[in-house]
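These notes are about the structure you will find just below.
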Amino acid sequence: MMDLSKKGKMLREMRKACGLTQKQVADRLGITAKTVSKWETGRGFPDVSSISSLAAVFGVSERMILTEDITKNKVQAGNIRRTKFYLCQSCGSNLEVMGESEIICCGNRLRPLSAKKADSSHVATLSELEDELYIEFSHDMTKEHYISFVTYIGFDKKITAKLYPEQDAAIRLPKIPRGKLYFCCTQHGLFEITTG
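Numbering (the numbering used here), first residue to last: 578 to 773.
Shown next as structure tokens:
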């Protein structure tokens, strides 16, 4: 038997995580805010024809809405070398996670970025300056197309720096032995370089 109050609480948490009001959800689904309120207070549940649309609004799977609660991942010891990167195309926020996650930003479910080897359009020149690494990118830094963040990962350290449009395409970071450098282009995704 479905516990409607538990389901309602879950739907309310999903809506709030997306930063939406009941009216905004209702408008996107073509229903009344009163109907959304009924769902969240456990006095009703979306019919089968609404589940897919509701899942799309919250940026989650239909399975997540139909299960009794949001499934929590097993506790994992974080491994920084398995860091996953996410970038919201709506607001430009970036997030790094060391385990399995469901990330929602601006009402959209984010998928982890897949790192590619740096190519001729995304070149990073690395120079050592004492105990720092000077990284310079041959990349435009316009409002529409720029390097948004740089993350440098070693065995036991991770350093992330945010870059902004119209600033220099260069950054200085503390040197990490045998590190891996990741950088994200707002239009072409995530790139990686292994350092010495």
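Where a beta carbon is used, it is the ideal one built from N, C-alpha and C, also for glycine. Please read these numbers as outputs of a predicted model, since none were measured by experiment.
Taking each of Asp708, Phe726, Glu721 in turn and checking the Cα distance to Leu690, the smallest one comes out for Phe726.
Residue range 747-751 is occupied by the beta strand (DSSP E) that includes Ala747.
Counting C-beta pairs closer than 8 Å gives three or more between the stretch 596-610 and the stretch 623-634, which meets the contact rule. Bounds of the alpha helix (DSSP H) holding Val602 are 599-606.
The Cβ-Cβ distance between Met718 and Glu677 does not fall below 8 Å. Taking 3 residues as the shortest admissible run, the stretch 682-715 contains the following complete beta strand (DSSP E) segments, listed from N- to C-terminal end: 685-687, 701-706, 709-714. Membership of Phe635 in any beta strand (DSSP E) is not indicated; the residue belongs instead to the alpha helix (DSSP H) covering 625-635. In the DSSP assignment, Leu758 forms a beta bridge with Tyr729, Ile770. The three-state secondary structure of Thr737, taken from DSSP, is strand. At the C-beta level, Ile712 and Leu706 stay beyond 8 Å of one another. Beta-bridge partners of Phe662 (DSSP): Glu673. Residue nearest to Gly684 within the set Lys583, Gly585, Lys586, Lys593 is Lys593 (criterion: CA-CA distance). Distances from the alpha-carbon of Leu750 to those of Lys734, Arg688, Thr644, Ser627 put Lys734 closest. For Gly766, same chain residues with a beta-carbon under 6 Å away, outside a window of 5 residues either side, are Leu690 in chain order.
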